[in-house]
Amino acid sequence: MISTFESVPAAAAPPALEAHGLVKTFGPIRAVDGVDLALDPGRIYGLLGPNGSGKTTLIRLLVGLARPTSGAASVLGRRVPSREMLARIGYMPQADGIYPELSVWENIRFFAGLYGSFDRERLLETLRVVELDDRVGTPVLQLSGGMRRRLSLACALVHRPPIVVLDEPTVGIDPALRVQFWAHFRSLSAAGATLLVSSHVMDEADRCDELLFIRAGRVIARGSGVELRRRAGTNDLEEAFLHFANGGTGGVA
Ligand SMILES: Nc1ncnc2c1ncn2[C@@H]1O[C@H](COP(=O)(O)OP(=O)(O)OP(=O)(O)O)[C@@H](O)[C@H]1O
Ligand SMILES: [Mg+2]
């Protein structure tokens, strides 16, 4: 069926995240090898690919933390890097970006302060989401690995950014809290935020509205989990990934 939206000129909202011919090389390695994409606002996107496929590098280019070798990225229609856009992006790095010698409270206050927000209730509310509101005085050095991930997530979300980019946010998070995280991600998207969540495991993929399969720095397939399985002729998402990785048809529309 032809959507009526197709006849509307693309004058409305710009894509939440956009890439044009993005390339990033490290010496002989093409970590990101020509990525074009436009992600719509208000959706949850999953970036899936094996170790070393370029997920982290692509994410860093998209949010303006790394400079592309060639090509360009935009956030909400603004070319990055952009100081102004930083306040509109919540970025959770794969390696925790929090300060080990500071306490939970000092960390979240620091990150909130970067964006001019010191609302105590908002800080506490964000810590409640990650269940660290009872550890406010604990130095990060004394937190478990999973707790550090939780604090890192809280620091990425505390300024309530419309663009939320999370690099493997649920690694090391226990199953019960993982379910809560995803419920929270869903509520953020329902409120209009766009989420890009990377993972190298497929079991969370069906929680995303749309998936981007990435391999060797290229987006090899894009679509919902259901669509990608159907196009690959399998019920198993890992098999679907292998289908596209081996050059099977039906990947990038
Ligand atoms: N700073 C760097 N210097 C040199 N090579 C790099 C650098 N960062 C990434 N690479 C290389 O770029 C490629 C992509 O790495 P990247 O970290 O983007 O992969 P990834 O998909 O995030 O992997 P993982 O699932 O392990 O996190 C790898 O070959 C990696 O060795
Ligand atoms: Mg990575």
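Sequential numbering of the sequence shown, starting at 543, is according to the working numbering.
Glycine included, C-beta positions come from ideal geometry on N, C-alpha and C.
- Task: Run the proximity test for LEU709: is its beta-carbon closer than 7 Å to any non-hydrogen atom belonging to ligand 2?
- Result: Checking the sequence shown, residue 709 turns out to be Asp, not Leu. Look at ASP709: its beta carbon is less than 7 Å from one of the heavy atoms in ligand 2.
- Return the chain-ordered list of same chain residues with a C-beta closer than 6 Å to the C-beta of LEU708, the five sequence neighbours on each side being excluded. Take LEU708, set aside five residues on each side of it, and the residues of its chain with a beta-carbon closer than 6 Å to its own are MET634, VAL739, in chain order.
- Task: Return helix, strand or coil for HIS785, following the three-state DSSP convention.
- Result: Reduced to three states, the DSSP call for HIS785 is helix.
- Going straight from the alpha carbon of PRO583 to that of GLU560, what length do you get? About 11 Å.
- Item | the region 692 to 700 contacting the region 653 to 666, beta-carbon criterion three pairs below 8 Å | Flag = yes, the region 692 to 700 and the region 653 to 666 touch.
- Per DSSP, what kind of secondary structure is VAL799 in: helix, strand or coil? The structure shown does not extend to residue 799, since the chain is modelled only from 543 to 795, so the question has no answer here.
- Run the proximity test for LEU791: is its beta-carbon closer than 7 Å to any non-hydrogen atom belonging to ligand 1? Correcting the residue type first, residue 791 is Thr in the shown sequence and not Leu. Not one heavy atom of ligand 1 falls within 7 Å of the beta-carbon of THR791.
- Task: Check the DSSP bridge columns for PHE568 and list the partner residues they point to.
- Result: Bridge partners of PHE568: ILE571.
- Message: Comparing C-alpha positions only, which one of ARG771, PHE755, ARG620 sits nearest to LEU600?
- Response: Relative to LEU600, the option among ARG771, PHE755, ARG620 whose CA is nearest is PHE755.
- Query: When the Cα of ALA763 is compared with those of VAL706, ALA558, TYR587, which residue comes out closest?
  - Reply: When C-alpha distances from ALA763 are compared across VAL706, ALA558, TYR587, the shortest belongs to TYR587.
- Message: Suppose the cutoff is 7 Å on Cβ atoms and the five residues either side in sequence are ignored; what does the same chain contact list for THR776 look like?
- Response: ALA782, HIS785.
- Coil, strand or helix - PHE727 by DSSP: Under the three-state reduction of DSSP output, PHE727 falls in the helix class.
- Task: Indicate the three-state DSSP secondary structure (helix, strand or coil) for SER595 in the structure shown.
- Result: Coil.
- Got a sec: does ligand 2 put a non-hydrogen atom nearer than 7 Å to the Cβ of LYS566? Checking every heavy atom of ligand 2 against the Cβ of LYS566, none is found closer than 7 Å.
- CB of GLY584 to nearest heavy atom of ligand 1: below 7 Å? Because no heavy atom of ligand 1 lies under 7 Å away, the Cβ of GLY584 does not count as near it: no.
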